[in-house]
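J.:
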Amino acid sequence: ANIAREMGEDYQADNMESLAVKCGQSFVNVFLNGYGYLYDFVDGDMVDWSVRPNQIFAASLDYSPLDKMQKKQVLDIVTKELLTPKGLRTLSPKSMGYNPIFEGPEERRTWAYHQGTAWPWLMGAYLEAYLKIYRMSGLTFAERCIYEFEDDLIDRGISSISELFDGNPPYRGRGGIAFAMSVAEILRVKQLISKLSENAAQL
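Numbers given in the working numbering equal positions in the sequence shown, counted from 1, plus 41.
Shown next, in the form of structure tokens:
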């Protein structure tokens with residue numbers, strides 16, 4: 042819609058904006074449950090109540106279908122149940138299928154991959170959502186989260202970050218020793234922090 046409006050296509054832009062509002066409301070009606078977080082998936086009458094990190098993207102994107110209060114509710118439950126010093130768990134410890142340790146034969150590791158291990162790259166969307174809600178007051182927390190990865194730069198892959206970590210203490214690094222997505226998202230968040238800090242300094 043923004044591009045169409047810049048091109049002078051106001052009629053098309055209006056239609057797109059109207060559709061976006063309808064799509065956003067439909068998303069909220071379908072996925073937002075009574076506890077204030079998002080179902081992991083919905084298939085007809087079947088819904089998955091599992092607390093997983095996928096919902097953080099709905100709270101972090103620029104054109105989110107969620108309002109500020111809904112974003113905060115999503116952020117709160119992700120913080121409470123999924124946040125670790127090394128990223129977001131792929132499943133809440135409260136779930137029966139929680140398996141936070143990535144070790145053993147391939148079948149066991151594959152099962153744990155999406156069942157409780159912590160993924161560093163998800164910290165990008167998490168902190169982006171956090172900073173959009175708390176702005177300058179969230180800078181100290183975001184900086185502290187990024188600092189947690191300092192030791193990993195000299196642990197497994199020099200100057201890099203592991204693919205994933207165990208979801209429980211001591212949060213051992215697992216998988217690939219140098220994972221591009223992990224590094225890229227941490228660097229992206231550092232840029233967001235720097236930009237917000239510069240804006241704060243100009244006030």
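Just so it is clear, CB atoms sit at the ideal spot from N, CA and C, and this is done for glycine as well.
Note that this is a predicted model, so its numbers are computed, not measured.
#1: Can you give the beta carbon distance from E208 to R197, rounded, assuming they're within the 8 Å contact cut?
#2: Just the C-alpha distance for Q156 and F220, rounded to the nearest angstrom, thanks.
#3: How close, in whole Å, do the beta carbons of Y212 and K127 come, if the pair is a contact with beta carbons under 8 Å?
#4: Tell me the residue span of the alpha helix (DSSP H) that contains G165.
#5: Count Cβ pairs between the region 139–157 and the region 168–185 that sit closer than 8 Å; are there 3 or more?
#6: In its own chain, which residues sit with a C-beta less than 6 Å from the C-beta of A166, not counting the 5 before and 5 after it?
#7: Given a threshold of 16 other Cβ atoms within 10 Å of its Cβ, counted over all protein chains shown, does A61 qualify as buried or as exposed?
#8: Near M57, what residues of its chain come up, given a Cβ to Cβ distance below 7 Å and the 5 sequence neighbours on each side ignored?
#9: What residue from D81, K173, L168 has the CA that sits closest to V230's CA?
#10: Bridge partners for W160 per DSSP, in chain order?
#11: Identify the residues that DSSP records as bridge partners of M87: which are they?
T.: So, from the data block:
#1: According to the sequence as given, residue 208 is Gly; it is not Glu. The Cβ separation is near 17 Å, so there is no contact.
#2: If I take the Cα positions, the gap works out to 19 Å.
#3: About 5 Å separates the beta carbons of Y212 and K127, which is inside the 8 Å limit, making them a contact pair.
#4: That run of the alpha helix (DSSP H) goes 163–175.
#5: no
#6: Hits under 6 Å: I97, F98, S101.
#7: The residue is exposed, with fewer than 16 neighbouring Cβ atoms inside 10 Å.
#8: A42, A45
#9: Cα-wise, what sits closest to V230 is L168.
#10: L129
#11: D84
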